[in-house]
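> Adding 492 to a residue's 1-based position in the sequence shown gives its number in my numbering.
Mind having a look at this structure? Questions to follow.
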Amino acid sequence: MPPSLTFIHSLLLFSTAFIAGGLNAVAGGGSFITFPTLIFTGVAPIAANATNNTAIWVAALASAGAYRQDLGIERRDFLLLGVVLRKVSPGAK
Numbered sequence: 493m494p495p496s497l498t499f500i501h502s503l504l505l506f507s508t509a510f511i512a513g514g515l516n517a518v519a520g521g522g523s524f525i526t527f528p529t530l531i532f533t534g535v536a537p538i539a540a541n542a543t544n545n546t547a548i549w550v551a552a553l554a555s556a557g558a559y560r561q562d563l564g565i566e567r568r569d570f571l572l573l574g575v576v577l578r579k580v581s582p583g584a585k
């Protein structure tokens, strides 16, 4: 975090994350809101990209878990698929 993070910046980041989370749950595209906000508040571009990517990955995993029953996939198969996809995705280590 930048050393000059003020209360206003914190409030802006919180509200943006809340809005982006709702947007991602409905239609996707929350990164178009969160990444510029991170840059605006003074986070370095590489750190902002890494933060944004991590947040979106965790949110996507949570959404997939929430919709697992609607897809008709058993828990064991869902976890196996998640592990396999994580290992073959670009940039995964």
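Even glycine gets a Cβ: it sits at the ideal position worked out from N, Cα and C.
(1) Grab me the residues of Leu497's own chain with a C-beta within less than 8 Å of its C-beta, minus the 5 sequence neighbours each way, in chain order.
(2) Hey, quick one: how far does the alpha helix (DSSP H) through Ala514 stretch, first residue to last?
(3) Assign Phe499 to buried or exposed, taking buried as 16 or more other Cβ atoms, counted over all protein chains shown, within 10 Å of its Cβ.
(4) Distance check for Ile531 and Ala558, CA to CA, integer angstroms please.
(5) Please go through the same chain and pick out, in chain order, the residues whose beta-carbon is closer than 6 Å to the beta-carbon of Ala539, but skip the five residues on each side of it.
(6) Could you tell me if Thr508 is buried or exposed, where buried requires 16 or more neighbouring beta carbons within 10 angstroms of its beta carbon?
(7) What do you get for Phe524, buried or exposed, if any count of 16 or more other CB atoms within 10 angstroms of its CB means buried?
(8) Could you tell me if Asn545 is buried or exposed, where buried requires 16 or more neighbouring beta carbons within 10 angstroms of its beta carbon?
So, from the data block:
(1) Closer than 8 Å at Cβ, skipping near neighbours: Thr533 and Gly534.
(2) Before going on, a small fix: residue 514 reads as Gly here, not Ala. Note, Gly514: alpha helix (DSSP H), Phe499 to Val518.
(3) Phe499 should be labelled exposed.
(4) Distance between the alpha carbons of Ala558 and Ile531: 31 Å.
(5) Hits under 6 Å: none found.
(6) With 16 or more other Cβ atoms within 10 Å, it is buried.
(7) A residue is called buried when at least 16 other Cβ atoms come within 10 angstroms of its Cβ; Phe524 does not meet this threshold and is exposed.
(8) Asn545 is exposed by the Cβ-count criterion.
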